[in-house]
Structure formats: C-alpha cells, structure tokens
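> Using our numbering, the first residue of the sequence shown is number 57, and each one after it goes up by one. Even for Gly, the Cβ is constructed at its ideal location relative to N, Cα and C. Please see the structure below; I have some questions.
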Amino acid sequence: MPWFGLGVYKVPEGEVALESVKMAIKAGYRSIDTAALYENEESVGQAIKESGVSREELFITTKVWNSDQRNDSVEEAFETSLRKLGLDYVDLYLIHWPVKEKYKDTWKVLEKLYKEKRVRAIGVSNFNIHHLEDLMSVAEIKPMVNQVELHPLHSQPELRSYCQQQQIQIEAWAPLGQGRLLDHPVLQEIASAHHKSIAQVILRWDIQNEIVTIPKSIRESRIKENANIFDFTLSQSDMEKINDLNENQRFGADPDNFNF
57 MPWFGLGVYK VPEGEVALES VKMAIKAGYR SIDTAALYEN EESVGQAIKE SGVSREELFI
117 TTKVWNSDQR NDSVEEAFET SLRKLGLDYV DLYLIHWPVK EKYKDTWKVL EKLYKEKRVR
177 AIGVSNFNIH HLEDLMSVAE IKPMVNQVEL HPLHSQPELR SYCQQQQIQI EAWAPLGQGR
237 LLDHPVLQEI ASAHHKSIAQ VILRWDIQNE IVTIPKSIRE SRIKENANIF DFTLSQSDME
297 KINDLNENQR FGADPDNFNF
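This is the structure:
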C-alpha cells in the first residue's frame, strides 16, 4: 500500500473527478481512495483506463456505505462498486462507518470477498479502539487498515498506538484538517524554515509518523505540490511541535455519535 495517495471525497462525478485522478496519476500518484458514498467511482474507473498506467501499478480503495450495511446488501454493494470502477478487483475495501449491530456482519462479508481474492486487503474506517476490539472478538481476519480523521489538531495518539500494537495500518482522511490548518502560525514557522508549504509539512509529518495519507485536491498545481514531500525531513523538534498541537478537535462526525 503506498504511503501517499489521492482522496476524492466531494469531488464531483464527471469531468472534474476524471481529470483530477488523471492528473494525479500523471504526477506519480499510485493510490486513489474513493467510496460508494462519493458517487464518483465511474469517473475514477474511467481515469484509470485513460491513465496509461497498468492496473497492477495502482492501489484502488473503495468503501461500503452505511445503508448497505443496514440493508444486509454488502456483497451487492461491492459488486456495484466493482462494476462502476470497471475493475476485476479492488486493492482495499473498507467498512465506511461502524454502524451499530451491523459492522460485525458486514465484516464477515468482507472476509468472504478477501478469501475469494476479489479484494486484496480489507479494513475499516472511523473505528475507535472499542469498535476494533469488538470486531476482532468475532473476526477470522484482523482489519489491515483503519482510515480515520487525523491531522495535527486531532492526531489520535492513543488510537495510533493501539493500531500499531495490533499491526493495523493507520490512514488519515482530512489530513489537512479540511483546509483549516493552512494558516496555522506554528506550522507556518516550520514550513518557512524548510521552504515548503504548510500542506507539505503536514503531509511529511504523516509520512514520518508512518501514517498513510490521502489529501484531496482537484487543482493540478496543488496535486503536484502535495506529492513533493520526499525531498526534506522534519527534525525531531519539528515533529514534537506539531505533536503538541493536538486538541482532539474533530471537523468530521464522531464515530460514537453519528446519525447517517
């Protein structure tokens, strides 16, 4: 699984999604993260076809939405995603949210898809420690990935430590705090010292913390800029300053209290 990829949440289906994914792949991205909820799987699939890059070089993630968990239609939802993407398999399939009294049944379906080799890896999204413990009490296969809201203002140290102990890879959605961190004075000071942007500093912080990160952008200049994070290193002092920014501040929904 690549450490770095493109997220396409709220990227409109059609030309915008098609071109942003093609631009990312051209810029060297090899991981694309979508979901049934995003309603842009067809454009992602078309971009893969038009990219000129072989399927084997790409890592494609999608997710099962909550209504399909509640309706016990997980396998049908997977088939729909696969058809829209125009693929024979996906590299990673995630449970999008821990729907109460459903996610354990959903996981059994994901295990089946994994055994059938229609999915190369299976995991979860927005799971807290107690969700993971509950799931693993019945799981035959341990979740391989947990994709969660994670950025310097919500760095989730306890969850990261737990997942590391359990050998579950943490992946950050909204790594830039949905743009809310791009004028933070501490981050600006570090960015200026490295002649980098605040976004690049945050994404580098992810990489050095062994967090898979998937920033979203539809602008070619930003897509290229976000990927240009492998030619510098944050010092231990830099890392500690960023770690100290944590306020447990979510910008997205709370996994223990969501109503969708």
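May I have the straight-line CA-CA distance separating E95 from Q221, to the nearest angstrom?
Distance between the alpha carbons of E95 and Q221: 35 Å.
> Where does R260 land, buried or exposed, given buried means 16+ other C-beta within 10 angstroms?
The residue in question, R260, is buried, as its Cβ has 16 or more Cβ neighbours within 10 Å.
> Compare the Cα-Cα distances from A91 to each of V100, R111 and E276 and report the closest residue.
For the residues V100, R111 and E276, the minimum Cα distance to A91 belongs to V100.
> Tell me the rounded alpha-carbon separation between L169 and E131.
Near 8 Å, if we compare the C-alpha coordinates of E131 and L169.
> For A228 and N182, what's the separation of their Cα atoms in angstroms?
So the two alpha carbons sit approximately 10 Å from each other.
> In angstroms with no decimal places, state the Cα-to-Cα distance between F288 and E296.
About 17 Å.
> On a Cα-Cα basis, can you pick out the residue from T117, K272 and I298 that is closest to D262?
Comparing Cα positions, the closest option is I298.
> Given that a residue counts as buried once 16 or more other Cβ atoms are within 10 Å of its Cβ, and exposed if not, what is K156?
Flag for K156 reads exposed.
> Along the chain, where does the beta strand (DSSP E) containing E227 start, and where does it finish?
Note, E227: beta strand (DSSP E), Q225 to W229.
> State the CB to CB distance for the pair L206 and I267, rounded to an integer number of angstroms; the pair is presumed to be in contact (CB under 8 Å).
Right, their Cβ atoms sit about 6 Å apart.
> In chain order, what residues of the same chain lie with their CB nearer than 6 Å to the CB of E167, ignoring the 5 residues before and after it?
Excluding residues within five positions, the ones whose Cβ falls inside 6 Å are E196 and I197.
> Flag this pair as yes or no: are the beta carbons of L62 and A80 separated by less than 8 Å?
A contact, by the Cβ cut-off of 8 Å.
> Name, in chain order, the residues that DSSP records as bridge partners for K164.
Looking at the DSSP assignment, K164 forms no beta bridge with any residue, so it has no partner.
> Rounding to the nearest angstrom, what Cα-Cα distance links W121 and N302 in this structure?
Going by the C-alpha atoms only, they are around 29 Å apart.
> Between I317 and V180, which are expected to be in contact by the criterion C-beta below 8 Å, what is the C-beta distance as a whole number of angstroms?
No answer is possible for residue 317: the residues shown for the chain start at 57 and end at 316.
> Taking DSSP's pairing of strands, which residues face P203 in a bridge?
The sequence shown places Gln at residue 203, rather than the Pro named in the question. Answer is S181 and E227.
> Can you check which of these residues, Q234, E276, P241 and N282, is closest to G308 by C-alpha distance?
The option with the nearest alpha carbon to G308 is Q234.
> Compute the beta-carbon to beta-carbon distance between I246 and V67, rounded to the nearest angstrom, for a pair I have assumed lies under 8 Å.
That pair is no contact at about 29 Å.
> Does N63 come out as helix, strand or coil in the three-state DSSP assignment?
One detail in the question is off: residue 63 reads as Gly in this sequence, not Asn. Reduced to three states, the DSSP call for G63 is strand.
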